[in-house]
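Numbering (our numbering), first residue to last: -16 to 355.
We put the CB at the ideal spot given by N, CA and C, even for glycine.
The structure presented is a predicted model; accordingly, all values stated were derived computationally and were not measured.
Inspection log for the structure reproduced underneath, given as structure tokens.
Structural data, given as structure tokens:
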């Protein structure tokens, strides 16, 4: 990565150094950068961490995400995912559904990140190894200040910097915490890989008493195990509480260090202001419960790129256009996630798997909604 020093007027107003600054080098940020280059825009990605990036996540790419990666010209290695299975943590009940169309893929996050980085470089994306310390925007562009006193000015900026987005805060887009009579249930995630031959081509979701455990095949001899639940999760204790899973992992060697993420729920006032748009987890997040976060994030990235590319051809209200695109990409997924999350927090949690098994058509329709 190179140190980028903007033009003489990079401190505020004037000539732009590029069409788009993408803050954040995760999958959604890189997808946005690649998509913008495909539209002929010049792009700078600002990311202080060493690439490729890792993250505590389920690592299952739904068929819709695979289709978007193909459109971007990104190829990833991994393990075929044919569907989703819900399993009762302490019982024999289960519900399964195989995708009606193309398969998904289990891909280690580092492998996905590496493939996206290589594609972005081949497209002519510029990478800057730095941290954004401030941003100022005016009617014609956005100027970001970087560590060391340098800066960049662009016509547009995408905040793709994750759950705890500094861009969201700098742009004044964070929503004030809601006043609640009952304290909010904050949710967190843990993830670790194991060296073991996958026993299923499906993502298996074990519904334990107070958390969900996701098992995703990510290679011929590797699985990823992710746990979602409240504060204070103990990874080993959770696995031990599910005998069927504990038996599968008995003697398996860990293939990665334990990583965590959260709290997951993030709220925003809106998804853009002026020439700054929030994309991916930075634009607000409900939960990882349904496992479709990356599919939604990639769709948001495509919508954001389309909005600014449209403005280059004719006068367009970019914020309004992006709000419509964000809603199309996210609203249905967020509604489904919020509904399932409410059920998971209710006294009826133990009925999720039995109901799914009793009504396979309903379960299948929900899986297909998640997949596309």
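- Runs of beta strand (DSSP E) with 3 or more residues, each lying fully within the stretch 45 to 117, are found at 62 to 64, 66 to 71, 77 to 81, 87 to 89 and 109 to 111, listed in chain order.
- Spanning the alpha carbons of residue 318 and residue 250 requires a straight line of approximately 14 Å.
- Within the model, the alpha-carbon separation for residue 102 versus residue 113 is close to 21 Å.
- Listed in chain order, the beta strand (DSSP E) elements of length 3 or more contained wholly in the stretch 198 to 257 are 205 to 212 and 242 to 244.
- In this structure, 141 is the residue among 149, 231, 127 and 141 with its C-alpha nearest to the C-alpha of residue 290.
- Here the stretch 288 to 307 makes no contact with the stretch 230 to 238; the two share fewer than three CB pairs at distances below 8 Å.
- For residue 313, the enclosing alpha helix (DSSP H) starts and ends at 301 to 327.
- With a contact defined as Cβ atoms closer than 8 Å, residue 269 and residue 284 miss out at about 18 Å.
- For the pair residue 344 and residue 152, the Cα-to-Cα distance works out to about 43 Å.
- In the DSSP assignment, residue 137 is bridged to 1 and 125.
- Residue 34 is a Cβ neighbour of residue 8, given a cutoff of 7 Å.
- Taking C-beta separations shorter than 7 Å and ignoring five residues to either side along the sequence, the partners of residue 59 in its chain run 52, 88, 90, 94, 95 and 98, following chain order.
- Annotated three-state conformation of residue 174 is strand, per DSSP.
- Here residue 10 is buried, its C-beta having at least 16 other C-beta atoms within 10 Å.
- The alpha-carbon of residue 221 is positioned some 25 Å away from that of residue 203.
- By the Cβ-count criterion, residue 79 is buried, with 16 or more other Cβ atoms from all chains shown falling within 10 Å of its own Cβ.
- If you draw a straight line from the Cα of residue 315 to the Cα of residue 131, it is about 43 Å long.
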